[in-house]
Amino acid sequence: MSYKWLKWLILWIPTIVIGVWEYVRHAFLLPYISMDLGNLLAPVFVFSVTLTLLRSLFKKLEGMQNSLKQQEVMKAAFEEREQLARELHDGISQSLFMLSVKLNKLDKAATPDDAARTMEEIRNTVRHVHEDVRQSIGNLQTPPAAPDTNWLQSLHNVIGEMGLASGIRTEVDWQLQDGMLTAKEKIELLAIIRESLMNIRKHAEADAVTIKAEAVTDRGDGKHCFHCSIEDNGVGVDEQKLEKKGKYGVKMMLERAHSMGWALQITSKESGGTVVNICGGGKKR
Numbered sequence: 017m018s019y020k021w022l023k024w025l026i027l028w029i030p031t032i033v034i035g036v037w038e039y040v041r042h043a044f045l046l047p048y049i050s051m052d053l054g055n056l057l058a059p060v061f062v063f064s065v066t067l068t069l070l071r072s073l074f075k076k077l078e079g080m081q082n083s084l085k086q087q088e089v090m091k092a093a094f095e096e097r098e099q100l101a102r103e104l105h106d107g108i109s110q111s112l113f114m115l116s117v118k119l120n121k122l123d124k125a126a127t128p129d130d131a132a133r134t135m136e137e138i139r140n141t142v143r144h145v146h147e148d149v150r151q152s153i154g155n156l157q158t159p160p161a162a163p164d165t166n167w168l169q170s171l172h173n174v175i176g177e178m179g180l181a182s183g184i185r186t187e188v189d190w191q192l193q194d195g196m197l198t199a200k201e202k203i204e205l206l207a208i209i210r211e212s213l214m215n216i217r218k219h220a221e222a223d224a225v226t227i228k229a230e231a232v233t234d235r236g237d238g239k240h241c242f243h244c245s246i247e248d249n250g251v252g253v254d255e256q257k258l259e260k261k262g263k264y265g266v267k268m269m270l271e272r273a274h275s276m277g278w279a280l281q282i283t284s285k286e287s288g289g290t291v292v293n294i295c296g297g298g299k300k301r
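Structural data, given as structure tokens:
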């Protein structure tokens, strides 16, 4: 029995019972039961019959609620695993692979100078892996941005998490009002920005990043629209390689955008660097 039917039965059974009781009382029981006694017995009789009929329905409803709670627990566990997978994406695995390559190179070093240079590269790679692991642990321990957190405050927190403030010049031009997007949309957009900044820090070799966001013309369907871009001046990106297996960070960005009904595009600039564009509609007015 569906939840919809349960609701209708719970609504109608008391009504039907009181109707049947009043009909039987007036048609057959008036010679035996006075009006005062009938009025007194009516709520007792209706309550007893209704409780008897609804017990199984309430039991089924409780079972459905318990099942829903179990599904919510499983969903929460799955989301935690998805979050862990996002944090342990291709950056760490690539760094470990490069570490193994450099160790092999160290074994084959022909001169002490070659060995010293390779050891320095290994130290840098280990340092990079260490930073990635610390960042992943930090992201897992950090709760998502609260719905009432100011946009600029949230953005600067993300920039600080990525370690960009000290090494990469970051410019923020944020024209979206706090109430422009829902809490969930805000969390998802900040997560995409965080992943974009992580990729810039790891792969772009950039020294400047610009984050822009603005409201755009209403599409006429009762929704405000927004456009957000994350632009760097690094080495650019090979767009054909973005869909390859192992690009888990990019995949999760695309999945986040798709789940919100947004369009996300990653392109290289002719002048050098990469632009991540996110376009979507905010909550209805």
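Quick note: the sequence shown uses my numbering, first residue 17, plus one each step.
Cβ coordinates follow ideal geometry from the N, Cα and C atoms, glycine included.
_Measuring alpha carbon to alpha carbon, tell me which residue in M135, L205, V232, I29 is nearest E271._
L205
*So S212 is in the alpha helix (DSSP H); what residue range does that whole segment cover?*
199 to 215
*asked:* Whole angstroms are fine: how far does the CA of D129 sit from the CA of K121?
replied: 13 angstroms
_Can you determine whether any heavy atom of the ligand ZN sits closer than 6 angstroms to the C-beta of I246, and answer yes or no?_
Although the ligand ZN was asked about, the structure shown includes no ligands whatsoever.
*Nearest residue (CA-CA) to T66, options Y48, D52, W28*: W28
*In whole angstroms, what separates the C-alpha of P163 from that of K200?*
Confidence is the limiting factor: at P163 the pLDDT is only 44, short of 50, which leaves the residue's position unreliable, though a coordinate-based value still follows. Using only the alpha carbons, I get a separation of about 8 angstroms.
*Which residues DSSP lists as bridging N55, in chain order*: Note: N55 sits in no beta bridge, so no partner.
*For the putative contact between V253 and T290, defined by C-beta atoms under 8 angstroms, what is the C-beta separation to the nearest angstrom?*
5 angstroms
*How would you label D189, buried or exposed, when you count the other beta carbons within 10 angstroms and need 16 or more for buried?*
exposed
*Nearest to M196 by alpha carbon, out of I175, A220, F242, S170?*
F242
*Who pairs with G296 in a beta bridge, going by DSSP?*
F242
*Hey, quick one: how far does the beta strand (DSSP E) through D223 stretch, first residue to last?*
D223 -> no beta strand (DSSP E), and no H or E assigned at all.
*Assign E255 to one of three DSSP states: helix, strand, or coil.*
helix
_Integer Cβ distance of V225 from I246, believed to fall under 8 angstroms_ = 7 angstroms
*asked:* Checking the sheet assignment: what are the DSSP bridge partners for E247?
replied: T226, V291
*Could you please give me the residues that DSSP links to R185 through a beta bridge?*
A224
_Counting C-beta neighbours from all protein chains within 10 Å, is the total for N82 16 or more, i.e. buried, or is it exposed?_
exposed
*Return helix, strand or coil for Q191, following the three-state DSSP convention.*
coil
*Classify T283 as helix, strand or coil using the three-state DSSP reduction.*
strand
*Give me the Cβ distance between G183 and A220, rounded to the nearest whole Å; I'm assuming they're in contact under 8 angstroms.*
The pair is not a contact, with the Cβ atoms about 12 angstroms apart (cut-off 8 angstroms).
*asked:* Looking at the strands, I want to know which residues DSSP matches up with A231.
replied: F242
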